[in-house]
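Asker:
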Amino acid sequence: MSGQSTRLSVNINKVALIRNSRGSNVPDLVKVAKDCELFGTQGITVHPRPDQRHVRYDDIGPLKEVVGTEFNIEGNPTPEFLDLVTTHKPHQCTLVPDAPDALTSDAGWDTKKHQSFLTDTIGRLHEAGIRVSIFLDPDTDMVAGAKAVAADRIELYTGDYAKGYHQDKEAAIKPFVETAKAANDIGLGVNAGHDLDLINLEFFQQNIPGLLEVSIGHALITDALYYGLQNVIQMYLQRLAD
Ligand code: PXP
25 MSGQSTRLSV NINKVALIRN SRGSNVPDLV KVAKDCELFG TQGITVHPRP
75 DQRHVRYDDI GPLKEVVGTE FNIEGNPTPE FLDLVTTHKP HQCTLVPDAP
125 DALTSDAGWD TKKHQSFLTD TIGRLHEAGI RVSIFLDPDT DMVAGAKAVA
175 ADRIELYTGD YAKGYHQDKE AAIKPFVETA KAANDIGLGV NAGHDLDLIN
225 LEFFQQNIPG LLEVSIGHAL ITDALYYGLQ NVIQMYLQRL AD
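The opening position of the sequence shown corresponds to residue 25 in our numbering, with each subsequent residue numbered one higher.
Next comes the structure, spelled out in structure tokens:
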């Protein structure tokens, strides 16, 4: 089979981090988003954090204006975050339970414990016409809970897959396959992200049934230092080709 069924969404947070380190507009985040699309990405992801060390709240409006593919905003649904998202209405919002001072996201939702909060939050996002994905560990027990709170998709947190890949990739991917199957069975879409890279991506994509989208930031932007953004996006797309 040729073609590609899993979309690549480039997370441009690390580009914003470089820009913020000098207080100027170099590199220009909006231009980078447009260029990523020109080079073939099928989505742009941003993760505004409370300390705004990466993408800032005032980046979201200008990005929404130019992103012509899929715009995905991920983050912890604080009141400020929800106001931002419902104002700018991206195509997708990915809810992540990360602490305000988290270095990076490192765990999915407990969909049972947070059922009422997630139901209210997802209801508000749906009212604004936004598709909602929720960050989940590879745990089949949490999948029914994701459906119960009316999420449209889950985003599998792939940190443990990336950690286990070099030791035993079959063992590392097993819980992800099971969780994806459980999601497929009840009509939940499946996204994935975190620590995916040029080495571990292809095996992941080939083994996860119905993988709709991957969002990749850290490794892709790092690889761009060596290969350039245009080449690197093509390399990631090639890993996703069926
Ligand atoms: N998904 C979520 C929820 C994240 O928080 C991140 C990191 O911002 C990613 C995906 C992308 O991870 P990485 O930068 O390791 O590719």
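Heads up, the beta-carbon is just placed ideally off N, CA and C, and yes, glycines get one too.
If contacts are defined as beta-carbon pairs under 8 Å, then F95 and L108 qualify, I think. What distance do you get, rounded to the angstrom?
Answerer: About 13 Å separates the two Cβ atoms, so there is no contact after all.
Asker: Check each candidate in T135, T128, D176 and name the one with the smallest Cα separation from P74.
Answerer: T128
Asker: Taking E237 as the reference, which of M166, D144, V214 has the closest Cα?
Answerer: The shortest C-alpha separation from E237 is found at V214.
Asker: What residue does the beta strand (DSSP E) around N35 start on, and which one ends it?
Answerer: 31-35
Asker: Distance check for T65 and F105, CA to CA, integer angstroms please.
Answerer: Spanning the two alpha carbons is a distance of roughly 25 Å.
Asker: Is A195 near Y189, with beta carbons less than 7 Å apart?
Answerer: Between A195 and Y189, the CB-CB gap reaches or exceeds 7 Å.
Asker: Does any residue of chain C have a CB that is nearer than 7 Å to the CB of P101?
Answerer: The chain labelled as chain C is not found in the depicted structure, where only one protein chain is given.
Asker: Counting C-beta neighbours from all protein chains within 10 Å, is the total for S26 16 or more, i.e. buried, or is it exposed?
Answerer: Any reading at S26 must be qualified, since the residue scores a pLDDT of 39, below 50, and its modelled position is unreliable; no value is offered.
Asker: Tell me, please, whether the stretch 113-131 touches the stretch 70-85 by the rule of three or more beta-carbon pairs shorter than 8 Å.
Answerer: yes
Asker: Can you look up S26 in the DSSP assignment and give me helix, strand or coil?
Answerer: In this prediction, S26 scores a pLDDT of 39, lower than 50, which makes its location untrustworthy; the coordinate-derived value is nonetheless stated afterwards. Coil, per DSSP.
Asker: With a threshold of 6 Å (Cβ to nearest heavy atom), would S157 be considered close to the ligand PXP?
Answerer: No - the ligand PXP has no heavy atom lying nearer than 6 Å to the Cβ of S157.
Asker: Measuring CB to CB, does V173 end up less than 7 Å from I146?
Answerer: yes
Asker: To the nearest whole angstrom, what separates the beta carbons of H78 and A131, a pair I think is in contact under 8 Å?
Answerer: Not a contact, Cβ separation roughly 19 Å.
Asker: What are the start and end residues of each continuous beta strand (DSSP E) run of 3 or more residues lying completely inside the stretch 68-137, in chain order?
Answerer: 94-99, 116-119
Asker: Going by other Cβ atoms of all chains shown within 10 Å of its Cβ, with 16 needed for buried, is L119 buried or exposed?
Answerer: buried
Asker: When burial is assigned at 16 or more other CB atoms within 10 Å of the CB, is Y260 buried or exposed?
Answerer: buried
Asker: Secondary structure at V173, three-state DSSP: helix, strand or coil?
Answerer: Residue state, collapsed to three classes: coil.
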